[in-house]
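Engineer:
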Amino acid sequence: MSEALMDRPAETPAPTSCVIEARELGRWYGEVVGLSDLSVTIQPGITGLIGPNGSGKSTFMKLIVGELKPSRGGVRVLGHNPFANRVLYRELGFCPQQDALYDHLSAHAFLTHLLRITGMNARDSKLRAQQALERVGLTDAMHRKCGNYSKGMRQRVRIAQAIAHEPKLIIFDEPLSGLDPIARHQIRSVFNDLVSKGCSLLVSSHVLHELQGLTDRIVLIHRGRLLAQGGISEIRRLLSKHPRRISIASDAPVDLAVELLRLPGV
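Here it is, written out as structure tokens:
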């Protein structure tokens with residue numbers, strides 16, 4: 001962290017009841033549009049962020065945690081401008097989709113190191129790291145090197161590092177990916193417990209049913225734009241009203257067409 005950033009006075013947050021507020025938010029990479037004219041308000045609790053791969057979900061989340069600077073518009077997170085904001089970083093947790101673990105370290109050593117960077121003392125860092133890893137089901141494996149972990153175990157470590165410092169808002173990018181059904185149930189319980197203690201979550205997925213049972217509040221993004229916001233049942237009804245085009249290759253196209261035309265709604 002630069003000296004200029006460390007010396008910058010703490011920002012006074014704007015009064016707000018929402019945890020995230022985006023207004024005409026845009027971000028592009030050269031000529032590629034990652035996010036365009038997105039305006040959305042997200043309330044406390046659990047909110048699902050849904051959209052196909054490449055829809056702009058990851059760009060939106062990186063803007064929320066201050067990893068990217070908007071090309072247009074703005075976003076307020078817990079009342080703050082998130083970009084390069086040292087005060088807000090202590091209130092945010094981020095579980096990225098990308099794997100950034102150190103294979104030569106154990107999960108416990110990795111989390112302890114991250115907590116020490118935040119300014120926490122050694123004793124509390126070790127305790128918080130242990131508690132977070134126990135919550136995600138890695139009690140017996142926390143002292144093994146990350147290089148020996150399965151994909152699902154590595155995903156649990158990423159979730160643990162996002163919750164270890166007890167933030168007010170946590171951003172999860174595809175957190176259930178790579179987890180077996182038992183682990184998914186366990187992580188859902190962790191999410192519900194976090195919310196019961198006053199934490200808010202934004203959980204992304206490209207599969208709608210993954211978010212069922214976790215939340216009924218959905219933000220749907222497609223091609224970098226807000227397509228819909230509301231309950232899962234509302235989103236399903238909205239999608240059912242729009243025709244979908246599917247391309248199928250076949251060695252017998254006529255026979256395939258005959259069979260498809262017998263199906264309802266085709």
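Sequential numbering from 1 applies to the sequence shown in this note's numbering. Note that beta-carbon positions come from the ideal geometry of N, C-alpha and C, so glycine has one too. Values in this document were obtained by computation on a predicted structure and should not be read as measured data.
In this structure, how does DSSP classify Arg262 when only helix, strand and coil are distinguished?
Structural biologist: Coil, per DSSP.
Engineer: With C-beta atoms as the reference, is Arg76 less than 8 Å away from Glu24?
Structural biologist: No.
Engineer: Quick one: what's Ser106 bridged to in DSSP?
Structural biologist: Its beta-bridge partners are Lys145.
Engineer: With respect to the alpha helix (DSSP H) encompassing Thr215, which residues constitute its N-terminal and C-terminal limits?
Structural biologist: First-last for Thr215: undefined, no H or E at that position.
Engineer: DSSP state of Asp37, grouped into three classes?
Structural biologist: In this structure, Asp37 counts as strand in the three-state DSSP scheme.
Engineer: The alpha helix (DSSP H) with Ile159 in it runs from where to where?
Structural biologist: Segment 151–163, the alpha helix (DSSP H) holding Ile159.
Engineer: If we ignore side chains and look at the alpha-carbon of each, how far apart do Asn192 and Asp37 end up?
Structural biologist: Between Asn192 and Asp37, the C-alpha separation is close to 32 Å.
Engineer: So what's Val75 in DSSP terms, helix, strand or just coil?
Structural biologist: In the structure shown, Val75 sits in a strand (DSSP, three-state: E or B).
Engineer: Can you name the residues that DSSP bridges to Val32?
Structural biologist: Tyr29.
Engineer: Report yes or no: do the segment 100–114 and the segment 56–74 share at least 3 C-beta pairs separated by less than 8 Å?
Structural biologist: No: fewer than three Cβ pairs fall under 8 Å.
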